[in-house]
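Per this note's numbering, the very first residue in the sequence shown carries number 1; after that it's consecutive. C-beta: ideal position from N, C-alpha, C; glycine also.
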Amino acid sequence: MGEIILPRRMFLWCMAVIYLAAFVSLYVQIPGLYGNEGLLPARWQLRYSGKPLLDQLLSSPTLLWLGPRLGLDTHTAMELLCLIGAVLSLAATLVEGLRDSIVFFCLWALYISMYQVGQVFLYFQWDNLLLETGFLCILVAPLTLIRGSRGVREHDRVTFWLIRWLLFRLMFASGVVKLTSRCPTWWGLTALTYHYETQCIPTPLAWFAHQLPVWWQKLSVVGTFVVEIAVPFLFFSPLRRLRLGAFYLQVLLQVLIILSGNYNFFNLLTLALCLSLLDDQHVYFWLRKAYKTSDQNNNSKLWPRLCYLLELSVWALMIHGTIILFDLQPTKDGITSRTAFTYHHFNQFLKTVTIPSVWIGVLSLTWEMVRSMFRCACVSGFLKRFWGTVQWTLLAAASASMFAVSLVPFTYIEYDSHARLWPGVRQAYESVDRYQLVNSYGLFRRMTGVGGRPEVVIEGSYDGVEWTEIEFMYKPGNLSASPPVVTPHQPRLDWQMWFAALGPHTQAPWFTSLMYKLLQGKRDVIELIQTDVSQYPFHRQPPAYLRAHRYRYWFTEPKADGSYPQRWWRRVYDEEFYPIVHLGNAFLENMLTQYGLKDKSPPRRLSNTAVAQAVRWVRSQVRGVPPPTLIWTLIACSATFCLFRGLQGRNKGTGKNSLAPDADAIVGDHTKNMSDSCEKSDEPQAEEEEEEEEEEKHNGANSEDEAEGNESEEKDTVSDEDQEEEEEEMEKEDIPEKKKF
């Protein structure tokens, strides 16, 4: 695999954007979810027992313990932490120097602080994935704030490899659990005939995808199994084109999911993980720029031909295996398919590949560690070599530890393999489990809503006779309302309403709190349902009575003449979900007492510190703004700003301010230094540094001239005066600084 300078920088930029979306999305929902008058007040999760701060942090790792020391209540402290996280991630998006290990550690600490008190509304797999990926960013990102250098580090390939391993675990486990769950829709290849209309918050394109013929839906399930189970093994292929093919297949799957469903930042985060499969050469291919490699063995044509034949053999074997395993047969109407293997066969397959996949990871990580160690040994200068070796030792040990601990949740997919793990690894996993450093994954384990999408509809009344439905902004309710597009925002109440509809209300204690808060007319909770409170049917006066019924929803079908219907949904009544309640109702009071939702503490006084007032002022400025609009405005402005800086840097010929910086000089100098330093003998320190500085200046100027020469073949030639000005600027900028670690 070639250099990974640009993919690593792209990944860190994407992570800053994803953190921004996650913090802003959570911030706008804090008052209704966790405020003093919210559904599940966060202060209930923090018991101030007078213990030392360190003991409190060890029992529950959250920065909210610092709230009382700042004169802030838990609600205000949560908003403050979210605002700090949003500002930090926005700054990291705009300034490359802030995509730093320290900044990413702060972002991770802030998000896990929210997670610790988030309760059911933050217990999603994408929150776990963000925490795990965010922690890996601490190892991947450079220490620019302390050392002031964003140059190439010899151990970058080792730490960046952990991102690829996480992507493998995520995709492979997501494909395996669909079959180990024994869900008949996945085994019958009919899951997608239900998925589009039964997913939590579908998009308008989901309606059209639902109308596709059954044979295509079943073929899509086959493709999903191939992409999620077979293709991830190509992530560790030594053949570059196989990894690139795996990259594009993963991107295709994630883009299709984004187009048909609203899964907040999850798919964007998965796309960011896919960048670990790229190298600088392919990024330059996207940019239509020439890439200079250090490969000197270009005379032999036998090896490229052998690689090409091997790649064709791998793809042919995968296609042939798919045809056999799913009995693909062409017909007049399409392609028929069925599962041609049994659960026993698949279970044997898992037992066969789980441990070998672990060893594949061990060999791949070992190879990257050895290569990086060799590169450290080839660095010229004793002090630089020594400092690089120290960095390699520390980060290689950290990477090996993270890999070992991740084997515990990874082997959950197969019991026998999990039982064979070394007990010391399990103990290490248990010691860090509270920090969400590694997690188990498995999305869409079972397909719900086979008999129709269950949906809870809340109704309110002033007199108990005439009832009015309370419509949510995002989840299905109004039959004529178009499905929304809210990515990357996650309306967490709407998501939990989807889960609540799958069972009785006793499985969702928070629902009783929702009914109680609506009867009280709490504005913060109402804004979770309608950001524009005037759209809430009882905004003038709270309802006297509330009830909830469960309906079955289906997408409508096109008319016989091929025209589209006026409604997106159709529904039938199912059953009562929650009985009629009012304030003081015995049933409601019993439920509140049973679930501990009745707040018996005295009313909380608002903090009047300057920080608290500033936090409340920010809240007043964003109140009433739709969260997707707010998030996309920040992302669009950030991306536009980075684009303008990149274009400005490109026009100046420096490329320092671009989102994907021009690394011609960095890569060229780095590889040249590696090859030259291995041939040099150990000379006195002062003479070696002087010769190296002169050589670097010479090579840096030549590399820029060569890069300009390559671009001139495709574009207009650069004038001699411009070239002289650029060479003068390069001499002033001290090119050897790029070679620092």
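- Rounded to the nearest whole angstrom, the C-alpha separation of Gly85 and Leu39 is 23 Å.
- According to the DSSP secondary-structure assignment, His549 is paired through a beta bridge with Val457 and Glu576.
- Secondary structure note for Cys106: its alpha helix (DSSP H) is the uninterrupted segment Ser101 to Val117.
- In the three-state reduction of the DSSP assignment, Trp554 falls in the strand class.
- Within the same chain, and ignoring the five residues on either side of Tyr545 in sequence, the residues whose Cβ sits closer than 6 Å to its Cβ are Ser461, Gly464, Ile580 and His582.
- Gln329 carries a strand assignment under DSSP once its states are collapsed to helix, strand and coil.
- With respect to the 8 Å criterion, Ser482 and Pro52 are not classified as neighbours on the basis of their beta carbons.
- When secondary structure is reduced to three states using DSSP, Pro202 falls in the strand class.
- At the C-beta level, Ile470 and Pro537 come within 8 Å of one another.
- One thing to note: Phe104 has its Cβ within 8 Å of the Cβ of Cys137.
- Straight-line spacing of the CA atoms in Tyr196 and Gly261 works out to 8 Å.
- From the listed residues Ser638, Met447 and Lys652, the smallest Cα separation to Glu96 is found for Ser638.
- With a cutoff of 8 Å on beta-carbon distance, Ala396 and His155 are scored as near each other.
- At a Cβ-Cβ threshold of 8 Å, Cys183 and Met447 count as neighbours.
- The three-state secondary structure of Glu414, taken from DSSP, is coil.
- Taking the Cα of Phe285 as reference, the smallest distance to any Cα among Pro7, Ala586 and Arg623 is reached at Pro7.
- For the region 309-368, there is no continuous alpha helix (DSSP H) assignment of 4+ residues that stays within its boundaries.
- The criterion of a C-beta distance shorter than 8 Å is not satisfied by Ser25 and Asn267.
- Val17 is the residue among Val221, Val17 and Arg9 whose C-alpha sits nearest the C-alpha of His489.
- When the Cα atoms are used, Thr339 and Gln329 turn out to be separated by approximately 12 Å.
- For Arg571, DSSP records a beta bridge to Tyr553.
- Rounded to whole angstroms, the gap between the alpha carbons of Ser607 and Leu131 is 30 Å.
- Contact between the region 114-124 and the region 161-178 is absent: fewer than 3 CB-CB pairs across the two stretches fall below 8 Å.
- Under the three-state reduction of DSSP, Val390 is assigned to helix.
- Not a single unbroken stretch of the beta strand (DSSP E) spanning 3 or more residues falls wholly within the region 587-618.
- Taken in chain order, the whole alpha helix (DSSP H) runs of length 4 or more contained in the region 137-167 are 144-147.
- Separation of the CB atoms of Leu421 and Arg571 is rounded to 48 Å, and the pair is thereby denied contact status at 8 Å.
- No Cβ-Cβ contact shorter than 8 Å links Leu139 with Ser372.
- In the pairwise beta carbon analysis, the region 42-49 is classified as not touching the region 298-312: fewer than three pairs are separated by under 8 Å.
- Inter-segment contact for the region 448-455 and the region 501-508 is present: three or more beta-carbon pairs are separated by less than 8 Å.
- Between Ala173 and Gly442, the beta carbon gap of about 5 Å places them in contact (Cβ cut-off 8 Å).
- Close CB contacts of Thr411 within its chain, under the 7 Å cut and outside five residues either way in sequence, are with Thr354, Ser417, His418 and Leu421 (chain order).
- In the three-state scheme derived from DSSP, where H, G and I count as helix and E and B as strand, Glu132 is classed as helix.
- Between Gln250 and Val227, the gap from beta carbon to beta carbon is short of 8 Å.
- By the Cβ rule, the region 490-497 counts as touching the region 29-38, because three or more pairs are nearer than 8 Å.
- Three or more Cβ pairs drawn from the region 68-85 and the region 111-121 lie within less than 8 Å of each other, which places the two stretches in contact.
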